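Scroll down for the structure; my scribbles are underneath it.
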Amino acid sequence: MMPQRRTSDGPTTFASLDAQELPVVREYSAGGLIFDDQNRVAIIARHSRSGHLEWCLPKGHIEKGETPQQTAVREVHEETGILGEVIDSIATIDYWFTGTTQRVHKLVHHYALRQTGGELTVEGDPDHEAEDAIWVRFDDLDDVLSYPNERKIAWLYARKKNRQANE
């Protein structure tokens, strides 16, 4: 059964002007689209800050000494159980959000990865953020992914592949 997309509710009010005075923290993450040999993509379900279950691409923080590509491979494996190798760079999402004590400027690097081994499971997620992991046909991602920016990542990759096929 195909999961239903849950869109992010977002804030119901504008952030206070006081938020402008909060300290800024920069965060860097990486992850992406991990493909199996049937052109399916592994996605995960996790709870949002508001408690809703949302389907998203596997990703996580870049650790000291890691490249974004190494982070993408590690995070995909931790959150989905799938071993992979980076085959292409897709795009970087740049966004801001405000927490209770800080404003966060986040950059998330997205890559296309090809499965090289492993089995689909969330049991290896050290943070226990991933609630579930499923394979979804690439063409169905737009109907399943919760975040518009992640749907755009899939669209950008499809456009890139179509251009390469037509060259």
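For what it's worth, full-length UniProt numbering labels the leading residue of the sequence shown as 1, then goes sequentially.
Here a beta-carbon is modelled for each residue, glycine too, at the ideal position from N, C-alpha and C.
Bear in mind the structure is a predicted one, so any value in this text is a computation, not a measurement.
Contact annotation: the region 84–100 touches the region 108–115, with at least three C-beta pairs closer than 8 angstroms. Boundaries of the alpha helix (DSSP H) harbouring LYS152: 148–165, taken from the DSSP string. For GLN115, there is no enclosing alpha helix (DSSP H); the residue is part of the beta strand (DSSP E) that begins and ends at 103–118.
The three-state reading of DSSP puts GLU66 in coil, since its state is none of H, G, I, E or B. Ranking TYR95, GLY31, ALA154 and ILE43 by CA distance to the CA of HIS61 puts GLY31 first. Among the bridge pairs identified by DSSP, GLU27 is matched with LYS106.
Beta-bridge pairing by DSSP links GLU54 to ARG46. Between GLU131 and LEU83, the C-beta spacing is not below 8 angstroms.
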